[in-house]
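Quick note, the sequence shown lines up with residues 1 to 259 if you use our numbering. Here a beta-carbon is modelled for each residue, glycine too, at the ideal position from N, C-alpha and C. Quantities reported herein were computed from a predicted structural model and do not represent experimental measurements.
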Amino acid sequence: METGGGYEPPGTKDFLWDSIWPGVLPDWVNKPLLQAIIGALLVIALWWVASRNLKIKPGKGQFLAEYVYEFIRNGIARDILHSDFRKFLPYLLGLFSFLLVNNWFGQFFFFMYPTFSNVGYAYGLAILSWLVYVGAGFKKWGFGGFLKKSLVPDGVPFYLLPLVVPLEFLATFITRPITLALRLFANLFAGHLVVVVFVVGGGWLLTQQDNLFYNVSGGVSMAFSLIILCLELFIGALQAYIFTVLTAQYVSTSIAEAH
């Protein structure tokens with residue numbers, strides 16, 4: 001809604017994108033899709049380059065790549081999945097890298113939009129992690145065995161099963177991918193919206209002539225937006241870490257001996 005003075009506040013409309021080539025390509029071929037493709041290519045290229053010509057005494061690039069690799073390997077995969085971690089390490093490493101790159105797109109001026117502030121992409125990645133999670137369980141225990149393990153906790157009296165089984169089904173097959181996606185989406189959406197509010201509002205205040213208060217307020221707003229941008233770098237990394245940790249934990253529950 002447009003207010004007085006020609007100022008139009010940011011809102012959800014700023015997260016809607018048209019086709020990158022209107023009239024030729026469909027609407028879903030838009031900026032978020034292009035960013036997701038660029039992000040995937042960047043992750044592939046970065047790890048391909050990082051794995052070439054490894055040296056005993058690493059340079060800065062190799063040191064950084066090894067630090068990220070060991071952080072995911074030792075801090076997430078091995079600590080959560082234990083002896084089974086090697087099977088899932090490539091996915092967890094790629095997942096964290098892809099999330100981190102796409103989350104940080106929101107702080108780079110060429111993009112200025114975090115891909116996963118579009119809920120469809122958050123759901124897509126959550127469904128992929130969910131497929132890895134349930135697929136690992138089905139592979140290890142078989143179809144019936146995994147369903148029994150997931151839906152019938154040990155030690156539950158038989159007369160409580162009509163209540164427990166539906167709840168376990170919802171937790172295992174419905175709520176986990178939904179909450180995984182919404183947690184990622186909500187944090188990035190809210191953070192980007194706050195940045196847009198301060199940038200657009202600050203820019204509007206700075207353009208108001210003959211009003212010192214507006215000009216000063218606009219300058220403060222623009223300065224504060226830079227602080228929030230730095231904070232969003234941390235939040236983007238944190239959300240990539242949380243998403244990866246939860247994926248590893250879900251896989252761990254599906255292949256663990258005890259429910």
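query = Nearest to residue 96 by CA position, among 236, 203, 130, is which residue?
reply = Within the sequence shown, numbered from 1, the residue matching residue 96 stands at position 96. For the residues 236, 203, 130, the minimum Cα distance to residue 96 belongs to 236.
task = May I ask you to report which of helix, strand or coil DSSP gives residue 79?
result = To locate residue 79, count along the sequence shown from 1; it is residue 79. Helix.
key: Expected contact under 8 Å - CB spacing of residue 121 and residue 115 to nearest Å   = The residue you call residue 121 lines up with position 121 of the sequence shown. The residue you call residue 115 lines up with position 115 of the sequence shown. About 6 Å; that satisfies the 8 Å criterion.
key: Which of helix, strand or coil DSSP assigns to residue 223   = Position 223 of the sequence shown holds residue 223. DSSP places residue 223 in helix when its eight states are reduced to three.
key: Nearest-angstrom Cα separation, counted from residue 50 out to residue 60   = As a first step, residue 60 must be located in the sequence shown, where it is residue number 60. As a first step, residue 50 must be located in the sequence shown, where it is residue number 50. Residue 60 and residue 50: Cα-Cα distance of roughly 11 Å.
query = Can you give the Cα-Cα distance for residue 175 and residue 185, rounded to whole angstroms?
reply = Residue numbering aside, residue 175 sits at position 175 when the sequence shown is read from its first letter. Residue numbering aside, residue 185 sits at position 185 when the sequence shown is read from its first letter. Cα-Cα distance, rounded: 15 Å.
ask   = Tell me which same chain residues have a C-beta within less than 8 Å of the C-beta of residue 42, skipping the five on either side of it?
value = For the purposes of this step, residue 42 is taken as the residue at position 42 of the sequence shown. Excluding sequence neighbours, residue 42 sits near 101.
ask   = Is it buried or exposed for residue 216, if we count other Cβ within 10 angstroms and need 16 for buried?
value = Reading the sequence shown from its first residue, position 216 is the one you call residue 216. Flag for residue 216 reads exposed.
ask   = How would you write the range of the alpha helix (DSSP H) that residue 66 sits in, first residue to last?
value = Here residue 66 refers to the residue found at position 66 when the sequence shown is read from its first residue. Where residue 66 is concerned, the enclosing alpha helix (DSSP H) stretches over 60-72.
ask   = How long is the line joining the alpha carbons of residue 138 and residue 255, rounded to whole angstroms?
value = In the sequence shown, counting from the first residue as 1, residue 138 sits at position 138. In the sequence shown, counting from the first residue as 1, residue 255 sits at position 255. Put simply, the backbone Cα of residue 138 is about 9 Å away from that of residue 255.
Where residue 130 falls, given that 16 or more other Cβ within 10 Å makes a residue buried = Counting from one through the sequence shown, the residue named residue 130 turns up at place 130. By the 10 Å Cβ count, residue 130 comes out buried.
request  = Apply the 10 Å Cβ neighbour rule to residue 155 and answer buried if 16 or more other Cβ atoms are within range, or exposed otherwise.
outcome  = The residue you call residue 155 lines up with position 155 of the sequence shown. Looking at its Cβ environment, which holds fewer than 16 other Cβ atoms inside 10 Å, residue 155 is exposed.
query = Would you call the CB atoms of residue 169 and residue 151 closer than 8 Å?
reply = In the sequence shown, residue 169 corresponds to position 169, counting from 1. In the sequence shown, residue 151 corresponds to position 151, counting from 1. Their beta carbons are under 8 Å apart, which means residue 169 touches residue 151 by this criterion.
query = Are the beta-carbon atoms belonging to residue 70 and residue 58 less than 8 Å from one another?
reply = The count along the sequence shown starts at 1 and reaches residue 70 at position 70. The count along the sequence shown starts at 1 and reaches residue 58 at position 58. Going by C-beta atoms, residue 70 is not nearer than 8 Å to residue 58.
ask   = Sorted by chain position, which residues of the same chain lie with C-beta nearer than 8 Å to residue 244's C-beta, five sequence neighbours on each side aside?
value = Locating residue 244 in the sequence shown gives position 244, where the first residue counts as 1. So the list reads 72, 76, 92, 95, 96, 99, once near-sequence residues are dropped.
message = Count Cβ pairs between the region 198-215 and the region 160-167 that sit closer than 8 Å; are there 3 or more?
response = Cβ pair count under 8 Å is below three, so no.
inquiry  = Can you tell me whether residue 233 is buried or exposed? The criterion is at least 16 other CB atoms within 10 Å of its CB, across all chains shown.
reply    = Position 233 of the sequence shown holds residue 233. Residue 233 comes out exposed.
query = Which two residues bound the contiguous alpha helix (DSSP H) that contains residue 202?
reply = Looking up residue 202 in the sequence shown gives position 202. Counting along the chain, the alpha helix (DSSP H) containing residue 202 begins and ends at 176-206.
ask   = Under a three-way DSSP split, which group does residue 86 fall into?
value = Counted from its first residue, the sequence shown places residue 86 at position 86. DSSP, read as helix, strand or coil, puts residue 86 in helix.
ask   = For residue 191 versus residue 225, is the C-beta spacing smaller than 8 Å?
value = Counted from its first residue, the sequence shown places residue 191 at position 191. Counted from its first residue, the sequence shown places residue 225 at position 225. No; because the gap between Cβ atoms is not below 8 Å, this pair is not in contact.
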